[in-house]
Every structure is written in C-alpha cells, then in structure tokens.
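First comes the structure, then the notes that go with it.
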Amino acid sequence: MHTPQTSPLLSEDSRRRLREIAHESIAQGLASDAPLAIDARDFPSELQCKRASFVTLTLNENLRGCIGGLEARMPLVEDVAYHAFQAAFRDPRFAPLTDEEFSKVEISISILNPAEPLPPMSEAELLQTLRPGVDGLILDEGHHCGTFLPSVWESLHTPREFLNHLKRKAGLPMDFWSPTLRFARYTVESIPAHDAEPTVSVHKSESSS
15 MHTPQTSPLL SEDSRRRLRE IAHESIAQGL ASDAPLAIDA RDFPSELQCK RASFVTLTLN
75 ENLRGCIGGL EARMPLVEDV AYHAFQAAFR DPRFAPLTDE EFSKVEISIS ILNPAEPLPP
135 MSEAELLQTL RPGVDGLILD EGHHCGTFLP SVWESLHTPR EFLNHLKRKA GLPMDFWSPT
195 LRFARYTVES IPAHDAEPTV SVHKSESSS
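Reading the sequence shown from the start, the letters are residues 15 to 223 in my numbering.
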C-alpha cells in the first residue's frame, strides 16, 4: 500500500504564530467584518510556503464553524487568516460568531498535505483501503463533492460510517455507489486549540484498520 508523503512538522514558534493569526483574524472580523490583512513576507519562510488549511471552531465541544480549502493557493499564514475569518463568519451552517462566543471558542488548524488520487475500485476495496484516524477523504461525483478531515474519525469510527456520512454530506444517498465515483485521500498536520504535541497523520503499519 502506498504511504502518503508528509511535510515536516512546523516549528513550535510557527505553530504558535498560526494560532495567534487565526485568533487575531477573528478579532479583526468582529471589529470590521474583514479578515486580518497580513504580508506573508513578515513571517518565517515555512509560513510563506503555499499550503492548504482548514480552520475549525468548537464551542462547548460542539462544532461552531469549519472552513478551508483543498488546494494550496496562497501562503500558509494568509490561508489560515482567511479561513479563520470564514469559519467564524461565513460558514452557512451557523450564524456569525458573536463577541461573547469569541471569548469561549476554541480554534484548531489542520494543514493539508497534497492529496493522493485513489485508483478506481469497488466500495468494498475502498473500505479496506481507508485508514481510520489517518486519512482525510475527498469524494467527487459530478456536481456532488465533499471532504472529511481526519479529525472526523473521532465521531465516525469505522470506514463504513465515515464513507456513508461523506456521501450524505455530498448530497448523495448513503447507500449510493457508482463506477464514476472518484476519491482522493490526504493527511494533515494538526495544530490543536491547546498546547500539545503536534501531530502529522501517518500510516503506522500495513495492518492498521
């Protein structure tokens, strides 16, 4: 089985700065309804590299917003600032974040490594291929598309649950299958809301399920 390549862990200082930037961008949004304007050239080179990110907000352990991108389009530090603002104020599932909620919300960041397209396979083969706790998954079926970050495995523990709910998120029946379905998987570097050892989702062994 192919093991996705993972980028080196960011330095402790860069992780701290990304947390600060996400927080400052939401604060700026509360003040001016616009994300924090920054110049990537003011930051370390590893934050100037183009990488894709998702920013997730939780309040009382419940999702309060999650927005990101699958393709690296801008410097990482700018990407995080933009998506922190979007998660707080532009996630269509939620009302804009309030000042009161901002004082309590927790902000976590997922930095995506490049996606690995999966070859055409049966649903049973896909379920065998998925690595719980490791893989993020992208589904593409014409106008239906969606993704789950690896963190979703915390609530959807089995490959079957993970795949079925991703289909539903993409607007498809949970029992849908078609030979035209296309999938790609990716790993992430996680920056949790609280100080902790940083992680990169990696494949530990071929026997993991």
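Ideal placement from N, C-alpha and C gives every residue a C-beta, glycine not left out.
Comparing C-alpha positions only, which one of the options sits nearest to residue i?
i: D113; options: A198, D47, R33; result: D47
i: R104; options: P131, G156, L71; result: L71
i: A51; options: L23, P89, L24, D27; result: P89
i: G147; options: C159, S28, W167, H157; result: W167
i: L32; options: E137, S169, E92; result: E92
i: Y96; options: L73, S117, E115, R65; result: R65
Taking only three categories from DSSP, how would you classify residue i?
i: K118; result: coil
i: L170; result: coil
i: F176; result: helix
i: D12; result: This structure cannot settle anything about residue 12, because the visible part of the chain is limited to 15 through 223.
i: L32; result: helix
i: A41; result: helix
i: S165; result: helix
i: S192; result: coil
i: S25; result: coil
Could you tell me which residues DSSP pairs with residue i in its beta bridges?
i: E139; result: None, per the DSSP bridge assignment.
i: A198; result: P131, I152
i: H158; result: E155
With a floor of 3 residues, list each beta strand (DSSP E) that falls wholly inside the segment 50–116, ordered by position along the chain. 67–73, 76–82
Three CB pairs or more closer than 8 Å across the segment 185–205 and the segment 114–125: yes
Would you check if the segment 182–191 and the segment 124–133 touch, i.e. whether three or more CB-CB distances between them fall below 8 Å? Contact between the segment 124–133 and the segment 182–191 is absent, because fewer than three Cβ pairs lie under 8 Å.
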